[in-house]
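Heads up: the structure comes next, in structure tokens.
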Amino acid sequence: MNFSTILLLAEPDTRWFRIDTGEDLFLAVILSILLMTGLLLLVLTVNLYLTVKQTLTPADTPEAISVKEKMSFWQRFTGLKPLHQEKDLMMEHQYDGIEELDNPTPPWFMYLFYGTIAIGVVYLVFYHVIGNGDVMVQEYTQEVAIAEKQREAYIAKVAGSINENTVTMVKDGPALEAGKTVFEQYCAACHGQNGEGKIGPNLTDEYWLHGGSIKAVYHTITEGVPDKGMVAWKNQLNPLQVQQVASYILSLQGSKPANAKEPQGDKVTPEAVAMNN
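Those letters in the sequence shown? Residues 22 to 298, per our numbering, in order.
Here it is as structure tokens:
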């Protein structure tokens with residue numbers, strides 16, 4: 022269980038009610054539709070009132086009313102006024118001969134504004150009232166869980182194809198870094214932080230007790246050497262991890278760390294290693 026999962030489980034349930042049955046979901050949908058309809062009717066009523074008030078003011082002449090009725094849909098949508106109607110929009114004050122027009126907010130902008138309110142209501146109902154939508158913590162937790170399953174499937178697929186006969190040395194940075202992490206956790210206590218050797222032999226020279234090829238090192242790590250105190254790591258490490266740590270050990274060849282233990286075993290030449298790999 023990761024930290025995000027713990028956060029999600031510890032978070033109190035603040036929803037007003039839960040959707041547990043199909044009937045509850047149906048009622049929630051009906052409630053959302055009613056809220057949206059009520060909001061839409063309110064907007065249309067206000068808009069109609071303002072339109073009628075503006076159209077039927079005493080200052081408007083029958084000719085002006087006729088012109089407004091003949092305005093195209095695009096003019097009504099954008100709120101554009103013909104040039105001969107600018108005198109009706111003129112404000113009373115002037116500054117240095119500059120006259121100001123009292124242009125109302127364009128209808129298209131108001132429709133957009135009302136739309137954002139409607140979207141906000143839907144979001145509130147769906148994510149916080151009904152609770153069917155995934156908020157950020159839930160979405161993150163789900164994505165982490167999916168990624169973890171994909172990672173486990175990848176490791177199982179790759180590790181399943183690695184064994185003592187098929188193992189090869191890996192040289193890419195991330196794989197060697199992963200091998201170093203495993204080495205420091207499981208091997209450094211006996212072989213030293215840099216492979217210089219302590220209780221166990223030095224792993225940085227050309228001398229090996231049980232073979233210096235990738236296959237030999239893989240076998241030694243997997244099966245262990247019980248008579249010399251080295252445990253078998255096949256139950257703690259998967260084949261991919263064994264391949265990575267074995268590759269990291271071989272990458273230490275010739276590093277000459279400080280306080281290196283004296284050579285033990287037989288010298289393994291690079292040619293012999295190449296033949297066994």
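From the three backbone atoms N, C-alpha and C, an ideal C-beta is built for every residue, glycine too.
Query raised in the report: Are there 16 or more other CB atoms within 10 angstroms of the CB of His149, so buried, or fewer, so exposed?
Result: exposed
Query raised in the report: Is Gly245 close to chain E, meaning its C-beta is less than 7 angstroms from at least one C-beta of that chain?
Result: Of the protein chains in this structure there is only one, and it is not chain E.
Query raised in the report: Roughly how many angstroms separate the alpha carbons of Pro79 and Leu110, rounded to a whole number?
Result: Confidence in Pro79 is poor, its pLDDT being 48 and thus under 50, which makes the residue's placement unreliable; the coordinate value appears in the next sentence. Each residue's Cα considered, the two are about 15 angstroms apart.
Query raised in the report: Does DSSP put Lys192 in a helix, a strand or coil?
Result: coil
**Report entry** Status (buried if at least 16 other CB within 10 Å, exposed otherwise) for Ala168
**Finding:** exposed
Report task. Check the DSSP bridge columns for Glu120 and list the partner residues they point to. Result -> Gln115
Query raised in the report: What number of angstroms, rounded off, separates the C-alpha of Glu198 from the C-alpha of Ile176?
Result: 16 angstroms
Query - Trp129 - containing alpha helix (DSSP H), residue span - result: 128-144
Query raised in the report: Where does Val156 sit, in a helix, a strand or coil, going by DSSP?
Result: coil
Query raised in the report: With distances taken from CA atoms, which of Ile235, Gly152, Lys108 is nearest Leu122?
Result: Lys108
Report task. With DSSP collapsed to three states, give me the class of Asp226. Result -> coil
Report task. Determine the burial state of Glu217: buried for a count of at least 16 other Cβ atoms within 10 Å of its Cβ, exposed for fewer. Result -> buried
Query - Buried or exposed by the 16-neighbour rule on C-beta atoms within 10 Å, applied to Ser182 - result: exposed
**Report entry** Cα-Cα separation between Met112 and Gly152, rounded to whole angstroms
**Finding:** 51 angstroms
Query raised in the report: Taking contact to mean at least 3 C-beta pairs separated by less than 8 angstroms, is the segment 157-171 in contact with the segment 224-234?
Result: no
Query raised in the report: When the Cα of Tyr269 is compared with those of Pro222, Gly194, Val252, Lys219, which residue comes out closest?
Result: Gly194
Query - Chain-order list of residues whose beta-carbon lies under 6 angstroms from that of Ala279 (same chain, five-residue window excluded) - result: none
Report task. Buried or exposed for Gly59, please, with buried defined as at least 16 other CB atoms from any protein chain shown within 10 angstroms of its CB. Result -> exposed
Report task. Name the two residues that bound the continuous alpha helix (DSSP H) containing Val150. Result -> Per DSSP, Val150 belongs to no alpha helix (DSSP H) and is neither H nor E.
Requested in this report: Please state if the CB of Val142 and the CB of Leu62 are separated by a distance shorter than 7 angstroms.
Outcome: no
Query raised in the report: Val246 by DSSP, collapsed to three states: which one?
Result: strand
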